Amino acid sequence: MLRLWKSEAVASFDFQAFNAGEYNRAVDDKVLSETLSKVLYPNDETEVGKRLRLCQQYFFVSCSLQDMIFFHLSYGRAIKDLSETFAIQINDTHPSIGIAELMRLLVDEHKLEWDEAWGITNKCFAYTNHTLLSEALEKWPLTLFSSVLPRIIEIIYEINRRFLDKAWSHFPGDDARIARLSLIDETGDKYVRMANLACVGSHAVNGVAALHTELLKKTVLHDFHELFPDKFHNVTNGVTPRRWVALSNPGLTELISSKLGDDWLSNLETELSGLQPLATNSAFQRKWLKVKQANKEALAGVIRERTGIEVDPASLFDVQVKRIHEYKRQHLNVLHIITLYNRIKHDPRADITPRTFIFGGKAAPGYYMAKLIIKLINSVAEVVNNDTDVAGRLKVVFFPDFNVTNGQLIYPAADLSEQISVAGKEASGTGNMKLSFNGALTIGTLDGANIEIREEVGEENFFLFGLNAAEAADIKSRSYNPRSWYEGNSQLQEAIDQIASGTFSNGDWDLFRPLVDNLLNRDEYLLLADYQSYIECQDRVSAAYGNRKNWAEMSILNVARMGKFSSDRSIREYCEKIWKAQPV
Ligand SMILES: *Cc1c(COP(=O)(O)O)cnc(C)c1O
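So this is what it looks like as structure tokens:
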């Protein structure tokens, strides 16, 4: 059962205001209350945006909790047994306010004692963390929070008081640690820390890939792990093969079913490996490549329709589709494109494997640098796509409006999956799984679920490059100097100088200056340190793509060994480890 909530005004119309000729004021209340659920996750850059978003989180959460309690009681069950009817999985911190709201409902409305209410709340809630970026952990300014939700902040103070008492007896005298554990950040301006609330109020906390869970325990949630080691679990993400294979790639589905029957789609872990013996079968390889070719032709048609760009379906389709973010390093991919472009400019007859670079993804509205990366991709595309020396061997496409529907068209057409985040930042990734399920080979770092994908498909079928998480952390702890990497690598220097000096911006030196300055002076995500390793790895990709038979074998083995990443396995693990739910 899925509930979608919509806010409506109690009274749609202020008749008195209308009669007084104040027509706008007559509908003010209605407009204001409906704003609450007009847009999911409204932009919270501005002060009013922040307030609206907090109101929205509280509204959705309270509606759902009240609905659950209503259902539970209507089954004739006692309120104390709520956790036997419902498990509440907090998907990142956005709904974590529900912990305090359920306490309010149980104590204020259902008149339970605090301790009993807390026991029920803790049994109901579990928290899934989705990010290691500390700036992405939600914090609400205390003044805003208190003015919007005065009763909820009282309850949070009481949760905190009781929690810190316990923490104090566990770590007596450790003031610094107690300050870090507190639900209230008092280091400067005061904030409510939603991840802390989620950890305290939940009986289980999990990360979404093995590396992510280990890093959570060691870094962002270290203090909570020391206090509650048994709360922590890993559940590696998965994707549903019904959408990401059957619905989006009917050609591949039919080919697999012709060999394995129809059961594999609901038994991936046991059945999909049945493809392995076919990996070296020439007839099967040919059919496999034919399916991919048809998917690429279909995508080429849509690219022509939506962007006007002609791409060659015989070229290597090199795909990076995901939210635009500096840690995901779309601009590292751009540096590779410029490097190839320069090889052609230096020697127009250079032996280049034809490639189509396909990007897609949205930037958060207030994220300036991410918007500038989109601009850079489009600007490089403009130059590369129209250069006669390139002669169509390289094409760059920014596919507009990347979403699930467009994804269903793009993932099945990919030859190469770009999973190039700086190690230690991508919690899991799921695009990596969708692409591999559709027969793309991965070029990637040892980050998120890439590590587990590589373990499954075999290192010989995965293009690995770059620093690992420990090395990345290490290099940053020793005053990393990106400029020395730039000065020590002439190809890298050339590419960055071109971006800076207007090669891709009609001579405009200012347009990409913030991006270039950032790379040369800070480079928080270590693009320059990983550049050479990435370029060399891409050269191995190009060579491998030339051997069609070998490429087909690697692609088949990738799919055959992906069974672990079915969401059926993830959901079973949530049932076993977190919800203690038995199959029926
Ligand atoms: C799968 C998916 C994502 C996640 O992609 P990552 O590569 O894991 O970041 C993002 N957006 C859409 C539309 C998706 O389908």
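Just so you know, the sequence shown maps onto residues 51 to 634 in the working numbering.
Positions of the beta carbon are idealized from the N, C-alpha and C atoms, including for glycine.
Computed from a predicted structure; not experimentally measured.
What did DSSP end up calling residue i once you bin it into helix, strand or coil?
i    : result
R243 : strand
K23  : Residue 23 falls outside the range modelled here, since the chain spans only 51 to 634, and no answer is possible.
D280 : helix
T492 : strand
S616 : strand
L561 : coil
D235 : strand
V609 : helix
V289 : strand
F274 : helix
L52  : coil
Around the Cβ of residue i, are there at least 16 other Cβ atoms within 10 angstroms (buried) or fewer (exposed)?
i    : result
R528 : exposed
V454 : exposed
R443 : buried
Q326 : exposed
R243 : buried
W559 : exposed
D273 : buried
R379 : buried
Q543 : exposed
V89  : exposed
Q632 : exposed
G613 : buried
S478 : buried
R211 : exposed
T143 : buried
Which residue from the options puts its Cα closest to that of residue i?
i    : options                   : result
H283 : L266, R293 and T290       : L266
V433 : F487, I549, G223 and K240 : I549
M604 : R201, T330 and W218       : T330
A67  : L247, A59 and A76         : A76
I606 : V369, K309 and T406       : K309
K56  : I628, E84 and E510        : E84
I493 : A499, F513, I501 and E476 : F513
S114 : L155, N511 and V447       : L155
F554 : K268, V255, E506 and A431 : A431
L385 : S540, S232, S219 and G489 : S540
K80  : K425, K614 and S62        : S62
W261 : N246, A499 and D580       : Per the sequence shown, the amino acid found at residue 261 is Leu instead of Trp. Checking every option, the nearest Cα to that of L261 belongs to A499.
K627 : C249, Y207, G223 and V285 : V285
E376 : Q343, A333, R227 and L426 : L426
G481 : G410, M419 and L328       : G410
D573 : N531, R373, W601 and G552 : N531
L569 : F136, S551, F615 and Y536 : Y536
L466 : N256, I585 and F407       : F407
Over what stretch of residues does the beta strand (DSSP E) that includes residue i continue unbroken?
i    : result
V255 : V255 to G257
Q582 : No beta strand (DSSP E) contains Q582, which is instead part of the alpha helix (DSSP H) from L577 to G596.
Q139 : I138 to N141
Quick one: give me the first and last residue of the alpha helix (DSSP H) that residue i is part of.
i    : result
I628 : Segment: none, I628 is in no alpha helix (DSSP H) and carries neither H nor E.
N69  : F65 to N69
E502 : N500 to V507
A550 : S540 to A550
A520 : A519 to S527
K309 : P300 to L310
A3   : Outside the shown range of the chain (51 to 634) lies residue 3, about which nothing can therefore be said.
P532 : P532 to E537
E321 : L318 to E321
S57  : From DSSP, S57 is part of no alpha helix (DSSP H); its letter is neither H nor E.
L132 : L132 to T135
Hey, would you say the C-beta of residue i is under 7 Å away from at least one heavy atom of ligand 3?
i    : result
T480 : This structure lacks ligand 3; its bound ligands are ligand 1.
Taking Cβ positions only, does residue i come closer than 8 Å to chain C?
i    : result
S307 : Absent from the structure is chain C; it holds one protein chain and no more.
Segments assigned beta strand (DSSP E), at least 3 residues, entirely inside the segment 148-216: Uninterrupted beta strand (DSSP E) stretches at least 3 residues long and entirely within the segment 148-216 occur at 175-178 and 189-191, given in chain order.
Please give the ranges of any alpha helix (DSSP H) in the segment 333-404, keeping only runs that are unbroken, at least 4 residues long and fully inside the region. Runs found: 380-396.
Any beta strand (DSSP E) of 3 or more consecutive residues that is wholly inside the segment 403-489: Considered as a whole, the segment 403-489 harbours 405-410, 444-449 and 466-469 as its complete beta strand (DSSP E) runs of no fewer than 3 residues, in chain order.
Quick one: complete beta strand (DSSP E) runs, 3+ long, within the segment 86-128? Fully enclosed beta strand (DSSP E) runs of 3 or longer: not present.
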